[in-house]
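Below is one structure; the comments refer to it alone.
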Amino acid sequence: MANKKFNFYASVNNNIARIVKTWTECEKIIANPGGKKKGAYTYKQAEEYLQELVVERDARLVRSKPKRNRYSNSRPKEDLSFLSAFTARPTKKTIICKLGVGGKGSTVSVVGGDTQVFEVKKSTVSAMRYQLSMHTLNITKSLLDQEVSSIDIIGMDAATIKTLTEWAPKWKLQNWVKPNGQPRPNAELVRDMLALYEQIKSKVSFGEGVAQKAPVDDDAPF
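Under my numbering, the letters of the sequence shown match residues 6 to 227, in that order.
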């Protein structure tokens, strides 16, 4: 029962890493091979735990890779030709992005790697989130270009995710103009963001984001 008293759970297995809010969600993740979790009372604490768990998992997976045959020359070598049929284990990365508040810079952190800080200067919070998303997607593409096989992005707000995956493709078909003929706010930024996302979307997933619901209407004031 103690497992069910936390507000967040940093949960990983050999394939995914997530911050979830319920014990039921956590159980589904850790029931798979390599499953581990840490409970947290704050989202920030859960992010730190998730980074620790991902680093531990990646190190364990590296150690578990098959090693070269070490038999001496006096003994017949084991036939390892069958290994050529297998490709190397896909490299997965997790990125955590966080919008800066109170004058603090926004951050994009690669779990087990570097953290970059960006100063976002836009007139609205939505535009600032788009700018953070653009930074995050640029870093994501850079990692994918370095032969990382897939990336899970954590911390992107629900409205921005819905913009990328649902609304912006429709706006593109409408030439970035509202039904009333008015141009869509931040159209240039969203257009660039969508163009980048469409290049990498098959290798990108979105984990637990900011705790807010996305608007149901695609005509939100941004």
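Glycine included, C-beta positions come from ideal geometry on N, C-alpha and C.
Taking the Cβ atom as the reference point for each residue, do F211 and I158 lie within a distance shorter than 8 angstroms?
-> yes
Using a threshold of 8 angstroms, state whether the C-beta atoms of M198 and L169 are closer than that.
-> yes
Presumed contact (8 angstroms Cβ cut-off) between G160 and I101, rounded CB distance = 5 angstroms
Any idea what DSSP makes of Q121, helix, strand or coil?
-> strand
Buried versus exposed, by CB contacts within 10 Å (16 or more), D162 | buried
Take G110 and list the residues in its own chain whose beta-carbon comes closer than 7 angstroms to its own, dropping the five residues that flank it on each side.
-> V122, F123, E124
Taking K167 as part of the alpha helix (DSSP H), name the residues at either end of that continuous run.
-> 163 to 167
For Y202, the three-state DSSP class (helix, strand or coil) = helix
Between the CA atoms of E30 and P184 - distance to the nearest angstrom = 40 angstroms
Going by CA-CA distance only, name the one from V17, Q50, Y48 that's closest to I34.
-> V17
DSSP three-state call for I144: helix, strand or coil?
-> helix
Three-state class that DSSP yields for S155 in the structure shown | strand
Three-state secondary structure (DSSP) at V195?
-> helix
Give a yes or no on whether the minimum CB-CB distance between I166 and chain B is below 8 angstroms.
-> This model lacks chain B altogether, as it is built from one protein chain only.
Alpha carbon to alpha carbon, what distance is there between V130 and K175?
-> 22 angstroms
Where Y135 sits in the DSSP three-state scheme = helix
State the Cα-Cα distance for the pair V59 and T96, rounded to the nearest angstrom.
-> 12 angstroms
Could you pull the start and end residues of the alpha helix (DSSP H) that I34 belongs to?
-> 28 to 35
Is it right to say T27 is buried, meaning 16 or more other beta carbons lie within 10 angstroms of its own, or is it exposed?
-> exposed
Give the straight-line distance between the Cα atoms of Y46 and Y14, rounded to the nearest whole angstrom.
-> 9 angstroms
K43 lies in the beta strand (DSSP E); which residues open and close that run?
-> 41 to 45
Would the C-beta of G160 count as close to the ligand GDP, meaning under 7 angstroms from any of its heavy atoms?
-> What this structure holds is no ligand at all, so the ligand GDP is not there to describe.
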